[in-house]
Structure formats: structure tokens, C-alpha cells
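Undergrad:
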Amino acid sequence: MKALVVGACTRPVVNSLKKLNFEVYSVSHYNPVDLNADHKKYTINDKFHGHLADKYSEKELLNLSKEYVDLVDYIFVCSGIFESKTSKTPNWDVVGNSPKRIKNISDKYKTVKKLENLGFNVPVTYLVNNKYQFEKCLSELKSVVVKPISGSGGIGVTNIDFQNTDNLDINYPVLVQECIKSESYSASFIGSNFLCFNKQLINNNIYVGNISPYVLNLKNETIQEFEEVIASLDLLGMNGIDFMLKDGIPYIIEVNPRILGTYETIELSSRYNLSKAILENKPVKPKDCFFKKIVFSDKGSSYSIDKNPFLRDIPQKGTYIEEGEPVVTIIGRNMADVREMECGILRGV
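For this note's numbering, count along the sequence shown from 1 and bump the result up by 1.
1) Would you call the region 292–307 and the region 207–216 in contact, with 3 or more CB pairs under 8 angstroms?
2) Count Cβ pairs between the region 86–96 and the region 195–204 that sit closer than 8 angstroms; are there 3 or more?
3) Where does L5 land, buried or exposed, given buried means 16+ other C-beta within 10 angstroms?
4) Using only CA atoms, which one of G192, F297 and Y26 lies nearest to E228?
5) Leaving aside the five residues before and after F23 along the sequence, list all residues of the same chain whose C-beta is less than 6 angstroms from its C-beta, in chain order.
6) Our contact map puts N274 next to K41 with C-beta atoms below 8 angstroms; I'd like the distance itself, whole angstroms only.
7) Do the region 268–284 and the region 251–258 meet, that is, are 3 or more Cβ pairs less than 8 angstroms apart?
8) Measuring only the C-alpha atoms, how far is I181 from Y69?
9) I need the straight-line Cα distance from L18 to R12, nearest angstrom please.
10) A337 lies in the beta strand (DSSP E); which residues open and close that run?
11) Tell whether a beta-carbon distance below 9 angstroms holds between I242 and F297.
12) Taking Cβ to Cβ, would you say A188 is nearer than 9 angstroms to F244?
13) So the alpha helix (DSSP H) P251 belongs to, where does it begin and stop?
14) Hey, S66 and C10: beta-carbon distance below 9 angstroms or not?
15) How is P100 classed by DSSP in three states: helix, strand or coil?
16) Is it the case that the Cβ atoms of Y208 and I150 are separated by a distance below 9 angstroms?
17) May I have the straight-line CA-CA distance separating N37 from V25, to the nearest angstrom?
18) Is it right to say R348 is buried, meaning 16 or more other beta carbons lie within 10 angstroms of its own, or is it exposed?
19) Our contact map puts S305 next to G319 with C-beta atoms below 8 angstroms; I'd like the distance itself, whole angstroms only.
20) Over the uninterrupted beta strand (DSSP E) stretch that includes N194, give me the two end residues.
21) At 4 residues or longer, and completely inside the region 133–163: list those alpha helix (DSSP H) runs for me, N to C.
22) Determine, using beta carbons only, whether V78 and I103 come nearer to each other than 9 angstroms.
23) Are there 16 or more other CB atoms within 10 angstroms of the CB of R313, so buried, or fewer, so exposed?
24) Tell me whether F49 is buried or exposed, calling it buried when 16 or more other Cβ atoms sit within 10 Å of its Cβ.
25) Rounding to the nearest angstrom, what Cα-Cα distance links E59 and I45 in this structure?
26) On the three-state DSSP scale, how would you describe I231?
27) So what does G8 bridge to, in DSSP terms?
28) Can you tell me which residues form a DSSP beta bridge with T320?
29) Would you list the one or two residues that DSSP bridges to S213?
30) Please name the residue, chosen from D39, V14, D35 and Y43, that lies closest to V28 on a Cα-to-Cα basis.
Set out below in C-alpha cells:
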């Protein structure tokens, strides 16, 4: 069997499929040394990782995919494509949600408003088109989260309060939501099957990892309500619901209708090949807790990182990586070890 995996980073799914003896085609932005694809195309410069915001091209990934699409039996979609308001949506037969469905669900405003109309708990949310509307929202809510209408990973998300409005550079239209003072969590699903809750690791609004599974003291109805969200949106394959807690009650922040960042920790925790589970629409049972942490460069520097059982997404030897860009992913069993390893990587140990 043959499979194509497309997205910004395809490595977790590619390597999972290889363990099932698939012939795997990969089209991605990143090209880590531990990407085990049989055939691959990528857009990054192996020796110079510039700023993702400047270098990433969804259009180029889709163009590169054209050569592979008709050669494969299955197509898996990771983050980074079909999530923008300008995304093209080819008529691909995808494992999970179609490109058109991914694009529609990735419109945060439409999805939040649909969930609100269905009676689910969501933050107060406005679509803001100009400075006057923004100031009106800020006057009402006092503290807000400003985010692009589409996108993922927390890119472009900013917290603004009533006392801090100097030098604002907002690219309208934007989504403005009430600011909920809470840690960030998610619920992962395959089809309508709940897998686990996860704690998201967030730094300056950017997703930098997760803890899976994560035990939360929530009402029993919460899982059922989230299952109803999946059903209401007609979602297939792997999906995630991001949420925060307000007075102990989950409020849905957004829905991710494609392969999740929790893929790898859930696969390790359940000791079951997640690609197989997705293809079979089968639930898995995460058991042991795993920590995932993406290490970001604290300054522009060259990195030569050796392979290690705890490291993923390893760059080519000697790659120069700009400040603020991802260097490598650490997977561990406790946060103390993960942090120690992160410090060692940034020190060049």
C-alpha cells in the first residue's frame, strides 16, 4: 500500500506508516534527518532555517504534491495546509476530513459561532473589521485575545488589555475573544471516539508541546458534549478540540480538523500505531504520561545534534537556525528530564 503525507511537518505520521510497511510519500516544509519517507519533497533550505512566516508556502506544498497524489492509496493531512482563507482545496480523497471541510472548520469565527448557536460553551467572540470596532470590543471586555480568522499553532495570536493599547499593529479583519484566565487543554478524537485530554504547553501564545494523557477533574458529561461537537461538525479521522476552563467549565476555543500535535504522545502512550487506528476508525487507550516539548532557538545559531531516542525532528548537521525558530522536538516521561535536555541543546552540549 502507498500513502502520501502532506503538511508543515510530516515526520510523525510518515514514520508511523513506515512501521505498517507502507510505501510512503512525503511533501513537507521541514526535512529532519529522522524523516523515514521512501519519497520526499520539501521546501526548507537544509542548511539555513529562516523564519517560517517568511519562508513557508502552502501553495508550493500543494504544487509539489501533484506528482504524488495519483500514485497513492491514502492521503494524510497534517497542520499547515487548507487552514487559510486563501487556501486552495483540491478534490483529494483524504483519510479524515476533505480539504474543503478542513478549510471551513479552520475559519475560527464561523466555527465558534456555529458551536454557540448549537448551545456549546464558547468565549464571547467578535469579528472585527476596523479600529473603531476593536476599541468598542476592548471597552466591553477589558482584556481580549486577538487572533487571525484562520491558522493554527497560536501564530499571530496576541493578548491585549485596556491599559496596553499603545503601538497596536492589527491587520484587520481579526477575531477578538474574551480573555479566559486558564491553562490550555485539548481533547483528541479518532472519529467519534474520545482518546484523551491533553495539557497544551503554550509560550507567548505559541504551541510548544503537550502532555498526554492529562487527567482533568471535569464532569462526566464533558466527553459526551465534545463527542456531540464532533458529530455536529460531521468530522472524520483524527480531530481535536482546544478548550480552557472558566469557573471549572470547559469553553471551546477552536476545533482542529486534521492530524494533531498530540499524535506522537498518544501513539507512545497507547502503544498502538496511530495511523492504523485512524485507518480503522478505532479508539486507542492512552496509559502512560508522555511529555512533548519543541525547542526553539534562543539566538541565531548553527546546530549539530546527534540522534537520540528522546529526540525527534532533528535538523541536518550544521544547520543554521534563526532565533525563535524550532530546533528539535523532545519526547520524555517527565518534565524535569525534558527541560534538562532542552537546556543542553541550547547550550550546544
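Using N, Cα and C, we set each Cβ at its ideal position, and we do this for glycine too. Keep in mind the model is a prediction, meaning the values are calculated, not measured.
TA: Based on what the coordinates show:
1) Touching, yes, given that three or more Cβ pairs across the two stretches are closer than 8 angstroms.
2) no
3) buried
4) G192
5) So the list reads M2 and A4, once near-sequence residues are dropped.
6) At roughly 21 angstroms, the Cβ-Cβ gap does not stay under 8 angstroms, so N274 and K41 are not in contact.
7) no
8) Going by the C-alpha atoms only, they are around 43 angstroms apart.
9) 10 angstroms
10) Where A337 is concerned, there is no enclosing beta strand (DSSP E), although the alpha helix (DSSP H) it sits in stretches over M336 to R348.
11) no
12) yes
13) Looking at the DSSP string, P251 is not in any alpha helix (DSSP H); the run it does join, the beta strand (DSSP E), is I250 to N257.
14) no
15) helix
16) When the beta-carbon positions are compared, Y208 and I150 stay at least 9 angstroms from each other.
17) Cα to Cα, the separation comes out at about 8 angstroms.
18) exposed
19) 6 angstroms
20) Residues N194 to N204.
21) none
22) Taking 9 angstroms as the Cβ cut-off, V78 and I103 qualify as a contacting pair.
23) buried
24) exposed
25) Straight-line Cα distance between these residues: approximately 12 angstroms.
26) helix
27) The partner list for G8 (beta bridge, DSSP) reads S29.
28) Y304
29) F291
30) Y43
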